[in-house]
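J.: I have a structure here, written as structure tokens, and I will follow up with some questions on it.
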Amino acid sequence: MMSHEPRVDAPAVAGTASPRVPFSFEIYPPRTPEQLPALYETIRVLAAAGPRFISVTFGAGGSTTDRSLTVLTHILRETTVPPVAHVTCVGSSYAEATTVIRDFLDAGITRFLALRGDPPAGVGEDDIVFGDLESAAQLVQLIGRVQAERSPYREREIPGLPGAVQVTDGDRVEIAVAAFPNGHPRSRHRYEDIDALLAKQAAGATSALTQLFFHADEYLDFVERARAAGVVIPIVPGIMPITSPGRLRRVLELTGDARPDSLAAALESAPDAAAQRAVGLAHAADLARSVVAGGADGIHLYAFNNHDTVLGVLRAAELIPEASP
Ligand code: FAD
1 MMSHEPRVDA PAVAGTASPR VPFSFEIYPP RTPEQLPALY ETIRVLAAAG
51 PRFISVTFGA GGSTTDRSLT VLTHILRETT VPPVAHVTCV GSSYAEATTV
101 IRDFLDAGIT RFLALRGDPP AGVGEDDIVF GDLESAAQLV QLIGRVQAER
151 SPYREREIPG LPGAVQVTDG DRVEIAVAAF PNGHPRSRHR YEDIDALLAK
201 QAAGATSALT QLFFHADEYL DFVERARAAG VVIPIVPGIM PITSPGRLRR
251 VLELTGDARP DSLAAALESA PDAAAQRAVG LAHAADLARS VVAGGADGIH
301 LYAFNNHDTV LGVLRAAELI PEASP
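Under the UniProt record's numbering, read the sequence shown as residues 1 to 325, first letter to last.
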């Protein structure tokens with residue numbers, strides 16, 4: 001059960017008063033190869049902060065497969081941080097989804113975020129044309145199956161018995177899924193999202209990352225309801241620094257969440273872009289502090305391919321030292 005008491009078990013981060021809370025970042029593949037060097041510099045700085053992983057988004061329908069793979073393999077080869085591949089299934093056949101999963105596994109990617117995927121622009125939730133896979137839970141199962149077929153078992157030599165091998169389970173993949181503290185636009189009832197998360201857990205998901213939210217209680221209450229319903233996998237809060245009124249508008253269109261009035265007013269009354277960024281950064285840092293105090297055992301930050309803001313959030317929340325990195 002999620003505790004609302006401050007964490008007392010973990011050691012403090014040197015130079016801060018905070019416990020050592022793992023954090024991760026999400027980035028997206030750039031549209032053109034010319035933008036890659038700037039992203040690689042961002043990845044270098046983000047990696048130096050010591051995240052648990054860096055995840056790379058995936059265009060629904062496979063529109064970014066090659067670009068996502070380029071960024072994922074860069075993280076794999078050039079840093080010590082594990083990359084996590086977002087994979088979506090909306091509109092895909094089994095054969096297409098299987099090919100994508102195999103390509104990623106062949107490239108050495110063993111951690112996934114399995115998603116249904118956003119509907120194409122202008123298409124509502126009720127008008128989505130699904131392919132063979134209709135939900136993220138089915139994709140979780142498919143990833144597990146493709147990996148099991150690829151690597152059904154491992155053979156270990158038995159010391160002292162030449163030629164003899166011990167057979168053990170094959171390599172497992174880690175599969176995260178999405179969770180929605182404020183409900184997914186498709187869900188008709190607040191427990192549908194918990195049921196969907198239970199289905200993903202039953203299919204083999206090993207952790208969940210949440211959609212962004214604006215108030216810590218939205219996350220903490222969701223975790224409490226999920227635990228009561230039997231969800232045992234970690235549910236990591238996703239935090240997005242909202243650094244402009246335009247970004248807030250776009251996010252509300254996507255999530256269907258209620259407008260957070262005080263954040264919206266603060267962003268609108270900020271005199272310039274730098275002041276708006278400061279508002280968004282402070283809001284995200286407050287959220288991070290509050291969910292950690294409420295028992296969250298990690299923070300996932302939407303970085304928008306920029307390191308300054310998310311590292312500023314972690315510093316302001318005292319989750320990394322002032323001088324880092
Ligand atoms: P699902 O779990 O399949 O379903 C979403 C909701 O539909 C459920 O919560 C539930 O309310 C309802 N539902 C599901 N199954 C049923 C059922 N059988 N009966 C009734 N209701 C049901 N999109 C991209 O295109 N690319 C990305 O890289 C990407 N990254 C993301 C990262 C994070 C951390 C998050 C939170 C979202 C991301 N998304 C991305 C967006 C995501 O694809 C959309 O939010 C999508 O609409 C839902 O995806 P899902 O995997 O949760 O879907």
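We treat Cβ as the ideally placed atom computed from N, Cα and C, and that holds for glycine.
Is residue 96 close to the ligand FAD? I mean its beta-carbon at under 8 Å from any heavy atom of the ligand.
T.: No, Cβ of residue 96 sits at least 8 Å from all heavy atoms of the ligand FAD.
J.: What do you reckon, is the C-beta of residue 410 under 8 Å from a heavy atom of the ligand FAD?
T.: Residue numbering for the chain in the displayed model covers 1 to 325; residue 410 lies beyond these limits and cannot be assessed.
J.: In angstroms with no decimal places, state the Cα-to-Cα distance between residue 8 and residue 217.
T.: Residue confidence is low: residue 8 scores 42 on pLDDT, short of 50, so the model does not pin down where it sits. No coordinate-derived value is stated.
J.: Within 10 Å of its beta-carbon, does residue 315 have 16 or more other beta-carbons around it, so buried, or fewer, so exposed?
T.: The residue is buried, with at least 16 neighbouring Cβ atoms inside 10 Å.
J.: What are the boundary residues of the alpha helix (DSSP H) that includes residue 141?
T.: 136 to 150 is the span of the alpha helix (DSSP H), which, as asked, contains residue 141.
J.: Rounded to the nearest angstrom, how far is the Cβ of residue 88 from that of residue 60, given a contact under 8 Å?
T.: So it is a contact: roughly 5 Å between Cβ atoms.
J.: Hey, how far is the Cα of residue 180 from the Cα of residue 243?
T.: Answer to the nearest angstrom: the Cα atoms are 22 Å apart.
J.: Is the separation between the beta-carbon of residue 53 and that of residue 82 shorter than 9 Å?
T.: Yes; because the gap between Cβ atoms is below 9 Å, this pair is in contact.
J.: Just the Cα atoms here: how many angstroms apart are residue 76 and residue 110?
T.: Rounded to the nearest angstrom, the two C-alpha atoms are 10 Å apart.
J.: Helix or strand or just coil, what does DSSP make of residue 173?
T.: Residue 173: coil per DSSP, three-state reduction.
J.: State the DSSP-derived secondary structure class of residue 9, mapped to helix, strand or coil.
T.: Only weak support is given to the placement of residue 9: the predicted model assigns it a pLDDT of 47, under 50, and the question is left unresolved by the model.
J.: Just how far apart, CA to CA, sit residue 57 and residue 162?
T.: Cα-Cα distance, rounded: 46 Å.
J.: Would DSSP call residue 113 helix, strand or coil?
T.: Looking at residue 113 - three-state DSSP - the assignment turns out to be strand.
J.: From residue 172 to residue 148, what distance separates their C-alpha atoms?
T.: Roughly 8 Å between the two C-alpha positions.
J.: Can at least three beta-carbon pairs, one atom from the segment 121 to 138 and one from the segment 62 to 80, be found at a separation below 8 Å?
T.: The segment 121 to 138 vs the segment 62 to 80: no contact.
J.: Pick helix, strand or coil for residue 264, following the three-state DSSP scheme.
T.: Of the three classes helix, strand and coil, the one that applies to residue 264 here is helix, per DSSP.
J.: What residue range is occupied by the uninterrupted alpha helix (DSSP H) comprising residue 105?
T.: Residue 105 -> alpha helix (DSSP H) spans 94 to 106.
J.: Using a Cβ-Cβ cut-off of 6 Å (strictly less than) and excluding sequence neighbours within five positions of residue 222, which residues of its own chain qualify?
T.: Around residue 222: 181.
J.: May I ask you to list the residues that DSSP assigns as paired with residue 154?
T.: The partner list for residue 154 (beta bridge, DSSP) reads 168.
J.: Is any heavy atom in the ligand FAD found nearer than 8 Å to the beta carbon of residue 238?
T.: Flag set: Cβ of residue 238 near the ligand FAD.
J.: Residue 233 and residue 24: beta carbons closer than 9 Å?
T.: Cβ distance not < 9 Å, so residue 233 and residue 24 don't count as in contact.
J.: Taking the alpha-carbon positions, what's the residue 312 to residue 183 distance?
T.: If you take the alpha carbons of residue 312 and residue 183, they lie about 29 Å apart.
J.: Around the Cβ of residue 254, are there at least 16 other Cβ atoms within 10 angstroms (buried) or fewer (exposed)?
T.: Classification of residue 254: exposed, given that the 10 Å Cβ count is below 16.
J.: From which residue to which residue does the beta strand (DSSP E) around residue 87 run?
T.: Looking at the DSSP string, the run of the beta strand (DSSP E) that includes residue 87 is 83 to 88.
J.: Would residue 91 be called buried (16 or more neighbouring beta carbons within 10 Å of its own) or exposed?
T.: Buried, by the Cβ-count rule.
J.: I need the boundaries of the beta strand (DSSP E) containing residue 302, first residue and last residue.
T.: Residue 302 -> beta strand (DSSP E) spans 299 to 302.
J.: Just the Cα atoms here: how many angstroms apart are residue 50 and residue 319?
T.: If I take the Cα positions, the gap works out to 11 Å.
J.: For residue 307, which option in 20, 26, 21 has the closest C-alpha, if you only look at C-alpha atoms?
T.: Nearest C-alpha to residue 307: 26.
J.: Nearest-angstrom Cα distance between residue 328 and residue 68?
T.: The structure shown does not extend to residue 328, since the chain is modelled only from 1 to 325, so the question has no answer here.
J.: Given a cut-off of 9 Å, decide if residue 296 and residue 231 are closer than it, judged by their beta-carbon atoms.
T.: No, the pair does not count as a contact, with Cβ atoms beyond the cut-off.
J.: Can you have a look at residue 63 and say buried or exposed, based on whether 16 or more other CB atoms are within 10 angstroms of its CB?
T.: Answer is exposed; the Cβ neighbour count stays below 16.
J.: Which one or two residues does DSSP pair with residue 199 in a beta bridge?
T.: DSSP lists no partner for residue 199.
J.: Is the closest heavy atom of the ligand FAD to the C-beta of residue 59 under 8 Å?
T.: Residue 59: yes, Cβ under 8 Å from the ligand FAD.
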